[in-house]
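S.K.:
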Amino acid sequence: MRRLALLPITALALGLVAWTAGVEALQEGNPPIEVHRITDELHMLGSGSTTGGNTAVLIAEHGVVLVDTKNEGYGADILGHVRRLTDKPVTTIINTHVHFDHSGSNTEFPDTVHFVAHENIRRHWARTDCQPIPTNCDDFQGENAKYLPSTTFSDRLTLFAGGPDQIDLYYFGRGHTDGDTFVVFKAARTMHTGDMFLGKLLPFIDAANGNGGSAIEFGRTLTRVVNTVPDVDTIITGHWDTLLAWSDLVEYRAFYLDLVEQTRRSIDAGLGPDEAIAAYAKPARFADYAAPLEGTFSVTAIVNHIYEGR
Numbered sequence: 006m007r008r009l010a011l012l013p014i015t016a017l018a019l020g021l022v023a024w025t026a027g028v029e030a031l032q033e034g035n036p037p038i039e040v041h042r043i044t045d046e047l048h049m050l051g052s053g054s055t056t057g058g059n060t061a062v063l064i065a066e067h068g069v070v071l072v073d074t075k076n077e078g079y080g081a082d083i084l085g086h087v088r089r090l091t092d093k094p095v096t097t098i099i100n101t102h103v104h105f106d107h108s109g110s111n112t113e114f115p116d117t118v119h120f121v122a123h124e125n126i127r128r129h130w131a132r133t134d135c136q137p138i139p140t141n142c143d144d145f146q147g148e149n150a151k152y153l154p155s156t157t158f159s160d161r162l163t164l165f166a167g168g169p170d171q172i173d174l175y176y177f178g179r180g181h182t183d184g185d186t187f188v189v190f191k192a193a194r195t196m197h198t199g200d201m202f203l204g205k206l207l208p209f210i211d212a213a214n215g216n217g218g219s220a221i222e223f224g225r226t227l228t229r230v231v232n233t234v235p236d237v238d239t240i241i242t243g244h245w246d247t248l249l250a251w252s253d254l255v256e257y258r259a260f261y262l263d264l265v266e267q268t269r270r271s272i273d274a275g276l277g278p279d280e281a282i283a284a285y286a287k288p289a290r291f292a293d294y295a296a297p298l299e300g301t302f303s304v305t306a307i308v309n310h311i312y313e314g315r
């Protein structure tokens, strides 16, 4: 099944972004991937606004580690970029969460690849009652069950410990989904956040599709990240087209928590959700962040989730 990618996440298009997961569409060729060098060993395969989630490429001693595989149909493109960087094979794929735009090409890699993910991600993909929006658990049925993660974890996992290739995986609780994984490349002082920080706009909270997202817990999870993860300078976000900094993640947490606080004040004042939405005012210090009133990545969606207690 070919799934339609998200519309471009750019400054001019943020208010028009629509969630189109599960919609079948024909694509004439894939939008191009842009390569961003972080170190000689670590790169980001970007254009996350059009290709699916950003992919991290670590050229490790034993082989290449990927974090996320974009939309369906990008396996060959990713492998082509890897070959331009190194002659080492892809040996490990880590997924940050369950959505198809971050795992759509998992099954396009050799079945010798070692797949790693949070235990909740594997649980969702292993379901037989697949929901079309916005997961791709239908990709892992039957013979393709061999692509399910063979290594899972609950709170923290370290790969290649003690060496220059060390990767630390963290799970801090619910947010975008119930399996959001933060992947830290220790030597490069870089972290892939998945869609817990998809860019400078409000997040999509997947609370309505059985994937465990929580608008109430999203800010708490970000706070645990900021207070726990050490020695990170560079951020690979879920979808932003450029690399960001640790300070951007800290600011993003404040941006989100401000919306939560304004919503709490409206609840305490006895206002209804529509009144709370109308009362929201984005502080000037967050001018670089998009907070549209309507849509999937919007004030309305998050406020309604909070009023519903999820």
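Read in the numbering used here, the sequence shown has 173 at position 168, and its numbers run on one by one without any break.
For every residue, glycine included, the Cβ atom is placed at its ideal position computed from N, Cα and C.
Cutting at 6 Å between CB atoms, please list the residues of its own chain near alanine 193, excluding the five before and the five after it.
M.R.: Around alanine 193: Ile43, Thr44, Leu47.
S.K.: On a CA-only basis, which of His181, Val230, Pro235 is nearest alanine 220? Give me that one, please.
M.R.: Closest by alpha carbon: His181.
S.K.: Please say whether valine 265 and isoleucine 210 have beta carbons closer to each other than 8 Å?
M.R.: No, the pair does not count as a contact, with Cβ atoms beyond the cut-off.
S.K.: Hey, is aspartate 106's beta-carbon within less than 8 Å of any beta-carbon in chain D?
M.R.: This model lacks chain D altogether, as it is built from one protein chain only.
S.K.: Measure the CB-CB distance between valine 231 and valine 72 and report whether it falls below 8 Å.
M.R.: No, these two residues do not count as a Cβ contact at 8 Å.
S.K.: Taking DSSP's pairing of strands, which residues face arginine 42 in a bridge?
M.R.: Looking at the DSSP assignment, arginine 42 forms a beta bridge with His48.
S.K.: In the DSSP assignment, what are the bridge partners of tyrosine 176?
M.R.: Per DSSP, none; premise fails for tyrosine 176.
S.K.: What whole-angstrom Cβ distance do glycine 224 and leucine 262 have, given they're in contact under 8 Å?
M.R.: The pair is a contact, with the Cβ atoms about 5 Å apart (cut-off 8 Å).
S.K.: When you compare only the Cα positions, how much space is there between isoleucine 241 and leucine 248?
M.R.: Taking the straight line joining both Cα atoms gives about 6 Å.
S.K.: Assuming the contact rule is C-beta atoms closer than 8 Å, isoleucine 307 and leucine 207 should be a hit. Round their C-beta distance to whole Å, please.
M.R.: Indeed, because the Cβ distance is near 6 Å, the residues count as touching under 8 Å.
S.K.: May I ask you to list the residues that DSSP assigns as paired with methionine 196?
M.R.: Its beta-bridge partners are Val189, Ile240.
S.K.: Report buried or exposed for proline 235, applying the criterion of at least 16 other Cβ atoms within 10 angstroms of its Cβ.
M.R.: So proline 235 counts as exposed.
S.K.: Starting from the Cα of serine 159, find the closest Cα among Ala61, Ile126, Thr112 and give me that residue.
M.R.: For serine 159, the nearest C-alpha among the options comes from Ile126.
S.K.: Could you tell me whether the stretch 164–177 touches the stretch 130–145, where touching means 3 or more Cβ pairs closer than 8 Å?
M.R.: Verdict: no, contact absent.
S.K.: If you draw a straight line from the alpha carbon of alanine 286 to that of histidine 197, how long is it in whole angstroms?
M.R.: Spanning the two alpha carbons is a distance of roughly 30 Å.
S.K.: Spell out the partners DSSP gives alanine 122 in its beta bridges.
M.R.: BP columns for alanine 122 point to Thr157.
S.K.: Please state if the CB of glycine 178 and the CB of tryptophan 245 are separated by a distance shorter than 8 Å.
M.R.: Contact: no.
S.K.: Can valine 95 and glycine 68 be called in contact, C-beta distance under 8 Å?
M.R.: Yes, they are a contact pair.
S.K.: Whole-angstrom Cβ separation of threonine 112 and aspartate 143, contact assumed at under 8 Å?
M.R.: In fact, because the Cβ distance is near 11 Å, the residues do not count as touching under 8 Å.
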